[in-house]
Structure formats: C-alpha cells, structure tokens
Amino acid sequence: MRINILVSIAPLKHVESDGVGDILLTINNVSKQFSHIEALKNVNLTLNRGDIVGLVGGNGAGKTTLLRLMCGLYHPTTGQVLFHRDSSQAPVAEMRRFLGVVPEATGLYYRLTAWENIRYHSRLHGISDEECWKNTLEIAKDLDFVESLGRPTRGFSKGMRQKAAIIRALAHKPEILLLDEPTGGLDVTSARMVRSLVKRMGQAGGTVIYSTHKLAEAEQVCDRIIIIHNGEVRADGSPSELLDITQTTSLEEAYVKLTMDAARETEKEDVEGRIAKFWRRMMTPRKLPEGGGEDE
Ligand code: ATP
63 MRINILVSIA PLKHVESDGV GDILLTINNV SKQFSHIEAL KNVNLTLNRG DIVGLVGGNG
123 AGKTTLLRLM CGLYHPTTGQ VLFHRDSSQA PVAEMRRFLG VVPEATGLYY RLTAWENIRY
183 HSRLHGISDE ECWKNTLEIA KDLDFVESLG RPTRGFSKGM RQKAAIIRAL AHKPEILLLD
243 EPTGGLDVTS ARMVRSLVKR MGQAGGTVIY STHKLAEAEQ VCDRIIIIHN GEVRADGSPS
303 ELLDITQTTS LEEAYVKLTM DAARETEKED VEGRIAKFWR RMMTPRKLPE GGGEDE
C-alpha cells in the first residue's frame, strides 16, 4: 500500500480580478506514460491566480513532465489539464498565449540577438514591437541585462541565455509564468535577481510555477510548495503546512519524510521479481528508433 500524504488547501491568495474567477489552471486525474515508464500518476492540482508555487522533487520525479503538460506540450495519457478564463475553460494547449515558459534548455536562436529572439516570440503572440520593447526594457533593467539585448545569443554564457529566455517568456505579459530550474547555472547575484523578480511578480498578483531541486530556494520564493516524488504529488501546501503534516521543524526534514515513505513502500515490493523482469527486458533484442539523431 502506498501512503499518500496529500494536503488539500484552500486558495492561498485571493487577488480581486474584475469578476474573473481565482482558479487559473486545473489538473484533473492526470497520468503520463512513456512506453513502460509512468512519469506521472493520477495528479490532481489546482492553480489559483496569484499563487507562487514551488514544484520540488528529485531527479526523474516528474517535474518537467508536469510543466510540459501544463503548457500543452504533452497530452496527458489520461485526465485533463484545463485553463480557466472569463468563466469558461479550455484545454491548455489552446490557451498558450496566456502562458510564459522558460524551459531548462532555453531554445534561443543563436544567429539572432537577444532582442530579436524576444521580438520574434512576441510577434508570434501578436504583440507590437513598441509594446514588446517597453516590456523588455522593464524586465531587462531588473535583470541587469539591458546592455546584452543587442548581442547575438551565440556567445552567451548559461546565465545570459537564462536571462534572455526569462525576458522572452515575460515580454507578452502572460498570466502564468512556468520556470524549469530557472537558477541552474546562474551565479549568486544572477540567481538572486531571478528570485527577486519572481517575488515581485507574486507581490503584483502574478502567478508562477517554479520547478526546482532546491528546497531552500522554493522556501525563499514560493508561498506554496508541491512535493513530487516518483510521479506522484506527495504533498501540497504552504511551508508551514508541510511542517505541520510531517511533524517536523525544517522543510528538509519534511521533504525527506515525505519522500522516504514512498521509498520504503517501494522497497517492500517484490524486489527479486522486479529484478527478474528487468533482466528479461534487458535481454530482449530491441528495435532502435528510426532516424534517432546523434549520440552524445
Ligand atoms: P530532473 O530533475 O532530473 O530533470 P524531472 O523531475 O524533471 O527530473 P522528468 O523529466 O519529468 O523528471 O522525468 C520523469 C520520468 O519520465 C523519468 O523517468 C524520465 O526518464 C521519464 N521521461 C520523461 N520524458 C520522457 C520521454 N520523452 N520519453 C521517455 N521517458 C521520459
């Protein structure tokens, strides 16, 4: 039996919004399967306007898969991801213009300058160049990036690419910002800049999903933390709620407790049986995928 410590919480923040409901996104009974891998198992979540949510989990926990489902890049194997707007709802893939996404691999066009990348993306969203420039400058000042806007991105460091991708994601003023490991590879100062940008967005009523391995960072930036482990949402609540349900005094202890439970349960399963099954799969000749790209 799996122990699922899932706290359901009321909306953490209520931002008045001209009669528009508080719920922005719902994830209903979503599972995602890649061949024999169950990357997500029966996930249910509600994202409210104004939430700054930390999505925390270890390697392979399912964070990126969940983010990709939230921005409509993947279709769920079962379940639905719905975007809510003006009292109606639609599959998130049809509402991408309301999302800003900073993926782990930034996907910039290297022959273009940072500004050209940002402008190209905003044009696809139907934003005028003037408006895009105004929004770009505002964010670039916060990230100390104005001087770099005119440079081709080919020579950019990882941190510079990350900042360009953040501006690109925000220049069309999305309703939700999704960030996948936004401070990975950033120096201390740049990471601080990104964190304070996200915090300011929260104070201004923005909505952010912040995927990270770093619990301390999630605690600093987010008012709600979702712990994901082995494709399952193990807990969802404010930092203090996570401490309460786990009866711990630090988030690190809470995280270990929430994820250890799952690990112990897994250990109790038939280990020998699983190894035998794995061995049979490894020994079965496999047809290689067609045109499968280059090896690293
Ligand atoms: P990390 O922090 O290491 O980036 P993550 O929490 O983002 O991990 P995911 O990338 O969502 O984890 O992966 C969850 C599981 O799904 C892993 O077992 C991964 O190998 C598998 N997976 C993800 N994408 C694919 C894919 N396109 N094809 C096959 N398996 C996949």
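Numbering-wise, the sequence shown is residues 63 to 358 according to the numbering used here. Backbone N, C-alpha and C define an ideal beta-carbon position, used for all residues, glycine too. Note that the structure is predicted; figures quoted are calculated from it, not measured.
Any non-hydrogen atom of the ligand ATP within 8 Å of residue i CB
| i | result |
| --- | --- |
| residue 166 | yes |
| residue 128 | yes |
| residue 104 | no |
| residue 294 | no |
| residue 280 | no |
| residue 275 | yes |
| residue 97 | yes |
| residue 121 | yes |
| residue 297 | no |
| residue 352 | no |
| residue 238 | no |
| residue 125 | yes |
| residue 180 | no |
| residue 243 | yes |
Which of helix, strand or coil DSSP assigns to residue i
| i | result |
| --- | --- |
| residue 160 | helix |
| residue 286 | strand |
| residue 95 | strand |
| residue 228 | helix |
| residue 207 | coil |
| residue 189 | coil |
| residue 342 | helix |
| residue 170 | coil |
| residue 298 | strand |
| residue 84 | coil |
| residue 233 | coil |
| residue 137 | coil |
| residue 175 | strand |
| residue 197 | helix |
Cβ neighbour criterion (16 or more within 10 Å) applied to residue i
| i | result |
| --- | --- |
| residue 63 | Any reading at residue 63 needs caution, since the residue's pLDDT is 32, under 50, leaving its predicted position unreliable; the model's value is listed next. The residue in question, residue 63, is exposed, as its Cβ has fewer than 16 Cβ neighbours within 10 Å. |
| residue 99 | exposed |
| residue 156 | exposed |
| residue 96 | exposed |
| residue 207 | buried |
| residue 317 | buried |
| residue 186 | exposed |
| residue 209 | exposed |
| residue 163 | buried |
| residue 250 | exposed |
| residue 137 | exposed |
| residue 191 | exposed |
| residue 286 | buried |
| residue 198 | buried |
| residue 322 | exposed |
| residue 91 | exposed |
| residue 219 | exposed |
| residue 268 | buried |
Neighbourhood of residue i by C-beta, 6 Å cutoff - its chain only, sequence neighbours within 5 removed
| i | result |
| --- | --- |
| residue 382 | Because the chain here runs from 63 to 358, residue 382 falls outside it and cannot be looked at. |
| residue 167 | none |
| residue 237 | 160 |
| residue 241 | 164, 272 |
Contacts around residue i, its chain only, beta-carbon distance under 7 Å, and the 5 residues preceding and following it disregarded
| i | result |
| --- | --- |
| residue 83 | Residue placement at residue 83 cannot be trusted, given a pLDDT of 47 that sits under 50; the coordinates are not used to answer. |
| residue 69 | Unreliable positioning characterises residue 69 in this predicted model, as indicated by a pLDDT of 35, which lies under 50. The coordinate reading is nonetheless provided below. Answer for residue 69: 297, 298, 299, 303, 307, listed in chain order. |
| residue 125 | 117, 119, 273, 290 |
| residue 258 | none |
| residue 85 | 108, 110, 146 |
| residue 253 | 245 |
Extent of the continuous alpha helix (DSSP H) run through residue i
| i | result |
| --- | --- |
| residue 265 | 250 to 265 |
| residue 131 | 125 to 132 |
| residue 113 | Careful: residue 113 lies outside any alpha helix (DSSP H) and carries neither H nor E. |
| residue 273 | Segment 269 to 274 is the beta strand (DSSP E) holding residue 273; no alpha helix (DSSP H) there. |
The beta strand (DSSP E) enclosing residue i, as first and last residue numbers
| i | result |
| --- | --- |
| residue 141 | 140 to 147 |
| residue 153 | 150 to 153 |
| residue 350 | Looking at the DSSP string, residue 350 is not in any beta strand (DSSP E), and its letter there is neither H nor E. |
| residue 239 | 238 to 242 |
Proximal residues to residue i (C-beta, below 8 Å), its chain only, five neighbours per side dropped
| i | result |
| --- | --- |
| residue 346 | none |
| residue 141 | 89, 90, 91, 92, 93, 104, 105 |
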